[in-house]
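2 protein chains.
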Amino acid sequence: MSERINVAVDAMGGDNAPAEVVKGAVEAVRESAKIKVFLVGREAAVKAELAKYDAAQDQIEIVDASEVIETAEPPVAAIRAKKDSSIVKGMKLVKEGRCDAFVSAGSTGAVLVGGQVLVGRIKGVERPPLAPVIPTAKGAALLIDCGANVDARASHLVQFAKMGSIYMEHILGVKNPRVGIVNIGAEEEKGNALVKETFPLLKACKGINFIGSVEARDIPAGEADVIVCEAFVGNVILKMYEGVGGTLIQEVKRGMMSTLRSKIGALLVKPALKETLKAFDLEQYGGAPLLGLKGLVVKTHGSSKSVEVKNSILQCIAFQEQKINDKIREQIVQQEET
Amino acid sequence: MSERINVAVDAMGGDNAPAEVVKGAVEAVRESAKIKVFLVGREAAVKAELAKYDAAQDQIEIVDASEVIETAEPPVAAIRAKKDSSIVKGMKLVKEGRCDAFVSAGSTGAVLVGGQVLVGRIKGVERPPLAPVIPTAKGAALLIDCGANVDARASHLVQFAKMGSIYMEHILGVKNPRVGIVNIGAEEEKGNALVKETFPLLKACKGINFIGSVEARDIPAGEADVIVCEAFVGNVILKMYEGVGGTLIQEVKRGMMSTLRSKIGALLVKPALKETLKAFDLEQYGGAPLLGLKGLVVKTHGSSKSVEVKNSILQCIAFQEQKINDKIREQIVQQEET
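Chains as they are written, first to last, in this note's numbering: chain D, 1 to 338; chain Z, 1 to 338.
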């Protein structure tokens, strides 16, 4: 079975590790015979969790790693010092070619630093962006970059647009994805220095479907498929999604519980509402890929439960089968030559 | 009645001018005898609208202005060319001291440029920020800056923190308002170059209650009273409020209408829900003040109805009575001297 896609998984990462991570890995291999998972973490703890399930022996392997990088640790120092951590060991499996991808719910900083330092960038890629899929009224969009590179330059944003287009087209199946740059108005002359510099570059860029500026207001409505922005802005957008959504849903619930009449109504609307709000759940898509690396690195929420871990692992199949990295290489090299 | 607060109002500004603007002015003078409104705009059109109401003659005056600055016009050129526009004439009333404040639902760009060029900055204020009040789960917060100054510097953000604190304390009555800087993580070492430079300055700043970084996720929950950020980020936050809120409410409604059972439930929860969602309506607070000018300029939504116009006008009373500009002057001068 040399055709199998090998995914290293950080068994110690996230708030619910190792229990939910191991459960997610088991669910993933049950769902797809194409996957082999390498659970990287403290062997005894991982083994104990794994013993709870009856999973295909040949699809799950434990790789012992005695250390854990905590969320609060300074990432660069942690990556350097903790050679036997689940993140460093998992990333090295990718670097050495033993695995195709690495999935972690651990420290975002350590995953970003490790991706660049240990896995390494594809030649020509200036900065690897973190690109989560976010729900919209029309389906989903890719928010790129969302926290990997503060103080980005225009050339970085152009690469984000290209990599994002490839991802949306071949992983999410969006034909000719609409690329928009986040701006504070729809007109071309609007924006800060970075946006003003990037706009004409995107307009001139071949191979992407650039539709111009997108105001933050229009993102949830689904006005673009690839939302290009620098990391600080992307992070604010992602967090506002969570914050406004969370607070509003809480207030809606509180409103429904405020009178006897509304309480009865709440019982009746609950099932339908649950279905609707599920479509707006950020976690349904699995983790965010860190694009432009020699291998795939996926960062899932720190609060991930097994379903998100499973989706993050399964995401690696399409990434591999669609040869996303070959396509990125082609696009970036093409850019270098023009 | 020399004690009256004189408010110039752009009768031609916004999607619903002059009808809703005139109605809002009438409602404002009915609600407060302290106010005198100067409706600036095409006399015949304004007079025709005013004739529909029985308003105190001595509280409303029409100031003829033959031109209108459209939203799509380049602001600087428009302010220069259209000397007889409602925005230019209204701002001049403030500059000349005939009015204390100017309220407009017209072109944001023209209002921002006009504020700086025609009304002028308080001595020492580097950049006047646009600062809307946004709803939170705990009440309200001031988002400063929200679109006036792209590519801001650290010293600007420090002034925003001071001006915002004065506004929240004396207009909204929040004692010792908590000032937070928008960041992509809670730790002090996180952030882009601007935030890293601003953070220690805010920490060292006397007279404000700086609580550190605020992640966008925590803004709707009400974690800070004064949300300091540069205009691009502020604009994204404001637009995400509108976008996520709007889309989510639409989806909730759609969910409720999806089955017969949920439709019946929807009828029962509707009144309670309406009440809750009203608290999250961005327009309830009236317009956003442009702070740091020699006089008050308030920008209300282009889509303002009479109630928002009324609230924007009434806001000017507290601003004048609380001597906000004197307090800003004191704080800024104090900063200059230390």
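For every residue, glycine included, the Cβ atom is placed at its ideal position computed from N, Cα and C.
Quick caveat, the model's predicted, so the values are computed rather than measured.
Element boundaries [alpha helix (DSSP H), containing residue i]
| i | result |
| --- | --- |
| proline 200/Z | 193–204 |
| asparagine 16/D | Asparagine 16/D -> no alpha helix (DSSP H), and no H or E assigned at all. |
| glutamate 251/D | 231–256 |
| proline 271/D | 260–278 |
| asparagine 311/Z | 306–321 |
| glutamate 169/Z | 154–170 |
| glycine 212/D | Where glycine 212/D is concerned, there is no enclosing alpha helix (DSSP H), although the beta strand (DSSP E) it sits in stretches over 209–215. |
| alanine 110/D | 108–114 |
Identity of the residue in the options nearest residue i by Cα
| i | options | result |
| --- | --- | --- |
| lysine 196/Z | Arg42/Z, Glu73/Z, His301/Z and Arg153/Z | Arg153/Z |
| lysine 52/D | Ser155/D, Val307/D and Ala25/D | Ala25/D |
| isoleucine 5/Z | Pro18/Z, Asp58/Z, Leu277/Z and Gly41/Z | Asp58/Z |
| isoleucine 60/D | Lys83/D, Lys34/D and Ile324/D | Lys34/D |
| valine 269/D | Thr259/Z, Thr71/Z and Glu215/Z | Thr259/Z |
| valine 22/Z | Tyr285/Z, Ser104/Z and Met257/Z | Ser104/Z |
| aspartate 15/Z | His301/Z, Ala318/Z and Gly292/Z | His301/Z |
| tyrosine 285/D | Val119/D, Leu142/D, Asp54/D and Thr108/D | Leu142/D |
| leucine 201/D | Lys162/D, Ser312/D, Glu223/D and Asp218/D | Lys162/D |
| methionine 244/Z | Val228/D, Ile219/D, Lys263/D and Glu275/D | The question names methionine, but residue 244/Z is valine in the sequence shown. Checked all of Val228/D, Ile219/D, Lys263/D and Glu275/D; the closest Cα to valine 244/Z is Ile219/D. |
| isoleucine 166/Z | Gly97/Z, Ile317/Z and Asp225/Z | Asp225/Z |
| alanine 72/Z | Gly185/D, Gly106/D and Lys36/D | Gly185/D |
| isoleucine 328/D | Gly180/D, Ser312/D, Asn311/D and Leu296/D | Leu296/D |
| cysteine 99/D | Leu290/D, Lys274/D and Cys316/D | Cys316/D |
| valine 55/Z | Ala45/Z, Lys36/Z and Gly180/Z | Note that residue 55/Z is alanine in the sequence shown here, rather than valine. Nearest option by C-alpha distance: Lys36/Z. |
| cysteine 205/D | Glu230/D, Arg217/D and Ser155/D | Ser155/D |
Euclidean distance between Cα positions of residue i and residue j
| i | j | result |
| --- | --- | --- |
| methionine 168/D | leucine 93/Z | 54 angstroms |
| lysine 190/Z | proline 271/D | 41 angstroms |
| alanine 266/D | arginine 261/Z | 11 angstroms |
| aspartate 145/Z | alanine 28/Z | 27 angstroms |
| isoleucine 249/Z | leucine 277/D | 10 angstroms |
| alanine 48/D | glutamine 159/Z | 57 angstroms |
| valine 252/D | lysine 123/Z | 46 angstroms |
| isoleucine 62/D | glycine 41/D | 8 angstroms |
| aspartate 151/Z | phenylalanine 38/Z | 35 angstroms |
| leucine 50/Z | glutamate 242/Z | 32 angstroms |
| proline 18/D | glutamate 308/D | 14 angstroms |
| methionine 1/D | alanine 131/D | Any answer about methionine 1/D is weak, because its pLDDT of 44 lies below 50 and its placement is not dependable; what the coordinates show is given next. If you take the alpha carbons of methionine 1/D and alanine 131/D, they lie about 31 angstroms apart. |
| alanine 126/Z | isoleucine 87/Z | The residue asked about is misnamed: residue 126/Z is glutamate in this sequence, not alanine. Going by the C-alpha atoms only, they are around 23 angstroms apart. |
| serine 32/D | valine 298/D | 18 angstroms |
| arginine 178/D | alanine 65/D | 43 angstroms |
| lysine 95/D | isoleucine 324/D | 17 angstroms |
| isoleucine 237/Z | glutamate 3/D | 46 angstroms |
| methionine 91/D | serine 213/D | 36 angstroms |
| glycine 255/D | methionine 240/D | 22 angstroms |
| glycine 222/Z | glycine 234/Z | 16 angstroms |
| serine 107/Z | valine 119/Z | 16 angstroms |
| valine 68/D | asparagine 149/D | 24 angstroms |
| isoleucine 332/Z | leucine 293/Z | 12 angstroms |
| asparagine 311/D | glycine 287/D | 8 angstroms |
| isoleucine 264/Z | lysine 263/D | 12 angstroms |
| serine 85/D | glycine 180/D | 39 angstroms |
| phenylalanine 199/D | glutamine 320/Z | 43 angstroms |
| asparagine 183/D | alanine 193/D | 11 angstroms |
Endpoints, beta strand (DSSP E) assigned at residue i
| i | result |
| --- | --- |
| alanine 131/D | Where alanine 131/D is concerned, there is no enclosing beta strand (DSSP E), given that its DSSP letter is neither H nor E. |
| lysine 299/D | 296–299 |
| glycine 139/Z | 139–144 |
| alanine 8/D | 5–10 |
| valine 103/D | 101–104 |
| asparagine 183/D | 178–183 |
| valine 228/D | 226–228 |
| alanine 288/Z | 288–290 |
Any non-hydrogen atom of the ligand PLP closer than 7 angstroms to residue i Cβ
| i | result |
| --- | --- |
| cysteine 205/Z | As presented, the structure is devoid of all ligands, the ligand PLP included, so that no description of it is given. |
- Length-filtered (3 minimum) beta strand (DSSP E) runs lying within the region 41–97 of chain D: 60–64
- Query: Can we say the region 111–128 of chain Z touches the region 67–87 of chain Z, given the rule of at least three CB pairs closer than 8 angstroms?
  - Reply: yes
- At least three beta-carbon pairs within less than 8 angstroms, the region 206–216 of chain D to the region 169–181 of chain Z: no
- At least 3 beta-carbon pairs within less than 8 angstroms: the region 135–143 of chain D vs the region 5–25 of chain Z: no
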